[in-house]
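Colleague: I have a structure here, written as structure tokens, and I will follow up with some questions on it.
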Amino acid sequence: MSLPVHRWYRYSAGFSADWVRWLVRERRGQTSSYTVLDPFCGVGTSLLACAAENTTCLGFESHPFVNRIANAKLHGIHSDLSCLRSLFQRFADCAANILPEKIENTSPLLRKCYHSDSLSLLIAMRNLFLAEFDAKTPESELLWLTLTSILRSCSGVGTAQWQYVLPNKSKAEVQEPFLAFSSKAMEILKDVEFTHRAGWSDNSRILLTDAREPQVETHGEVDLVVSSPPYPNNYDYADATRLEMTFWGEINGWGDLQNSVRKHLIRSCSQHAAAEKLVLEDLLSDSIVAPIHDELSSACRTLSEVRETKGGRKTYHTMAAAYFRDIGLVFKSLRSLCRAGAVVCFVIGDSAPYGVYLKVDDWLGKLAVAAGFKSYTFEKIRDRNTKWKNRKHRVPLKEGRLWIEG
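This is the structure:
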């Protein structure tokens, strides 16, 4: 990803910022007042795209750490450039004179992911930031983001952006912490200067709230919803930030993710479903899934049977039921937030856990109509599950845009 600002920290996203900009221009037309909402905004792709288009955008992100990254970007682009440049220089000068920290009591995950010299320096830089630079200003939050964004490039193990950390894998190119910091700081300064010249607007905001029941005062004002909700594909969005959250001391290990992160998220992975000890019958009896009850029940009961034949016995049956219930609640909240005639575009992918097909596009469309929207269509973008030799099933899958008219 090479787009200014978006490249500062990459995270799972179903669409590009350029596509969002095109969509906003296409739908907004000559309208002077237009509001966009992204209920699963991640690290701010939609909001930054709308800032570039001088369009108001509201974002929800319930993952606390990801929310902080998104806000650091959104507010950081309007920071004082000279103040930011001075802050980066002052931090670099202080960091050049700090002594490496001892790492004997550091998290086992961090010790597995870094050479001891690199980890000592990174910990020292972290402690310097927390002691002297954590002012909670737009500029200091960009400094925090700079340190956060170099963690993976300074690690010698498998730490591709937004992927799970793989301590047993290695990569050829590893950056030295001071050089990585300097390079990222220069990139951020360059991009902030670009947004100032381009006149990106500052009339958007990101809330730390749950899209299923958002705490927001806006009602009936949204013209366009564009988002890519979690797919029901067992990707653990909490685990995707475990390295960063461990580094900053927000968690001690994998076991802390449930209470710190997962409990705030849509239930789209079996780890989440298992931790909550969900009861299938309770989920299926919820009125919110009534429009798809028979099809969903059939799939979930099949998953319940298949899991008994699998070594991992993953709780896909309760995950699937909880996922569609959760998204049903999201549509209910979206209906009250949107104007009459609003358009919703969800970039989604279907799923087949244990080879049991879940008709995601059709079921989500039915849930949307039941919530009060008028109609839905699906536009396929690409086929999935066609290339990988190690895929776990041979059910054809697809990804595309679910268009919902309101």
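In this text, residue positions in the sequence shown follow my numbering: the first is 101, and each later residue adds one. Yeah, the Cβ is synthetic: ideal placement off N, Cα and C, and Gly gets one too. The model shown is predicted, which means the values in this text are computed figures rather than measured ones.
Does DSSP classify Asn268 as helix, strand or coil?
Modeller: Strand.
Colleague: Mind checking which residues open and close the alpha helix (DSSP H) that includes Lys212?
Modeller: Lys212 -> alpha helix (DSSP H) spans Pro208 to Cys213.
Colleague: Please report how far the alpha carbon of Ala452 lies from the alpha carbon of Arg367, in whole angstroms.
Modeller: Answer to the nearest angstrom: the Cα atoms are 16 Å apart.
Colleague: Give me the DSSP bridge partner(s) of Thr511.
Modeller: Since the first and last residues shown for the chain are 101 and 506, residue 511 lies out of range.
Colleague: Measuring CB atoms only, is the region 423-433 touching the region 350-368, in the sense that at least three cross pairs come out at less than 8 Å?
Modeller: Yes, the region 423-433 is in contact with the region 350-368.
Colleague: Please give the ranges of any beta strand (DSSP E) in the region 261-315, keeping only runs that are unbroken, at least 3 residues long and fully inside the region.
Modeller: Entirely contained in the region 261-315, the beta strand (DSSP E) runs reaching 3 residues are, in chain order, 266-270 and 305-307.
Colleague: Please confirm whether any heavy atom of the ligand ATP lies closer than 7 Å to the CB of Ser182.
Modeller: Although the ligand ATP was asked about, the structure shown includes no ligands whatsoever.
Colleague: Could you tell me which residues DSSP puts in a beta bridge with His181?
Modeller: Here residue 181 turns out to be Leu, not His, going by the sequence shown. According to DSSP, which records beta bridges pairwise, Leu181 is partnered with nothing at all.
Colleague: Between which residues of its own chain and Phe165 is the CB-CB distance below 6 Å, once the five residues before and five after are set aside?
Modeller: Excluding positions up to five away in sequence, the list reads Thr341 and Met345.
Colleague: Buried or exposed for Cys438, please, with buried defined as at least 16 other CB atoms from any protein chain shown within 10 angstroms of its CB.
Modeller: Classification for Cys438: buried.
Colleague: Which residue's Cα is closest to the Cα of Glu395: Thr409, His417 and Leu199?
Modeller: The option with the nearest alpha carbon to Glu395 is His417.
Colleague: Less than 8 Å between the C-beta atoms of Leu181 and His296, yes or no?
Modeller: Yes, the pair counts as a contact, with Cβ atoms nearer than the cut-off.
Colleague: If we count the other Cβ atoms within 10 Å of its Cβ and call it buried at 16 or more, is Ser513 buried or exposed?
Modeller: Any question about residue 513 goes unanswered here, given that the chain covers just 101 to 506.
Colleague: Alpha carbon to alpha carbon, how far is Trp354 from Asp339?
Modeller: Taking the straight line joining both Cα atoms gives about 7 Å.
Colleague: Would you identify the three-state DSSP class for Cys194, choosing helix, strand or coil?
Modeller: Residue state, collapsed to three classes: helix.
Colleague: Among residues of its own chain, excluding the 5 on either side of Glu499, which ones have a beta-carbon nearer than 6 Å to its beta-carbon?
Modeller: Here the set comprises Gly449, Ile481, Arg482 and Arg484.
Colleague: One question on the structure: do Gly159 and Val292 come within less than 8 Å of each other, judged by their Cβ atoms?
Modeller: Contact: no.
Colleague: Using 10 angstroms around the beta-carbon of Glu161, count the other beta-carbons present and answer buried if the total reaches 16, otherwise exposed.
Modeller: Looking at its Cβ environment, which holds 16 or more other Cβ atoms inside 10 Å, Glu161 is buried.
Colleague: Using C-beta distances below 6 Å, list every residue in its chain close to Leu520, excluding the 5 sequence neighbours before and after it, in chain order.
Modeller: Since the displayed the chain opens at 101 and closes at 506, residue 520 lies outside it and no answer follows.
Colleague: Report, in whole angstroms, the separation of the C-beta atoms of Gly472 and Ile504, which I expect to be a contact under 8 Å.
Modeller: Incorrect: roughly 11 Å between the Cβ atoms, too far for contact.
Colleague: Alpha carbon to alpha carbon, how far is Lys377 from Ser398? Give it in angstroms, no decimals.
Modeller: Rounded to whole angstroms, Ser398 to Lys377 spans 20 Å at the Cα level.
Colleague: Work out the CA separation of Val124 and Phe478 for me, nearest whole Å.
Modeller: Cα to Cα, the separation comes out at about 19 Å.
Colleague: Kindly indicate the opening and closing residues of the beta strand (DSSP E) around Phe446.
Modeller: Here the beta strand (DSSP E) through Phe446 covers Cys438 to Gly449.
Colleague: Helix, strand or coil for Lys498, going by three-state DSSP, please let me know.
Modeller: Correct three-state label for Lys498: strand.
Colleague: Which whole-angstrom value describes the C-beta separation of Ser220 and Glu201, a residue pair presumed to lie in contact below a C-beta threshold of 8 Å?
Modeller: At roughly 5 Å, the Cβ-Cβ gap stays under 8 Å, so Ser220 and Glu201 are in contact.
Colleague: Does DSSP put Thr248 in a helix, a strand or coil?
Modeller: It is helical.
Colleague: If the criterion is Cβ atoms closer than 8 Å, does the pair Ala420 and Leu384 meet it?
Modeller: Cβ atoms of Ala420 and Leu384: not closer than 8 Å.
Colleague: Which two residues bound the contiguous beta strand (DSSP E) that contains Asp386?
Modeller: Neither: Asp386 is in no beta strand (DSSP E) and is coded neither H nor E.
Colleague: Could you check what DSSP says for Phe115 in three-state terms: helix, strand or coil?
Modeller: In this structure, Phe115 counts as coil in the three-state DSSP scheme.
Colleague: What do you reckon, are the CB atoms on Leu147 and Ser253 nearer than 8 Å?
Modeller: No, they are not a contact pair.
Colleague: Out of Tyr214, Ser255 and Ala468, which one is the CA nearest neighbour of Gly506?
Modeller: Considering only alpha carbons, the answer is Ala468.
Colleague: With DSSP as the reference, label Gly159 as helix, strand or coil.
Modeller: Strand.
Colleague: Alpha carbon to alpha carbon, what distance is there between Leu243 and Phe188?
Modeller: When rounded, the distance between both Cα atoms is 7 Å.
Colleague: Compare the C-alpha of Leu223 against each of Val361, Leu251 and His163 and name the closest.
Modeller: Going by the sequence as given, residue 223 is Ile instead of Leu. Nearest option by C-alpha distance: Leu251.
Colleague: Out of Asp302, Ser404 and Glu273, which has the shortest C-alpha to C-alpha gap to Asn171?
Modeller: When only C-alpha atoms are compared, the closest one is Asp302.
Colleague: Just how far apart, CA to CA, sit Glu204 and Arg211?
Modeller: Between Glu204 and Arg211, the C-alpha separation is close to 9 Å.
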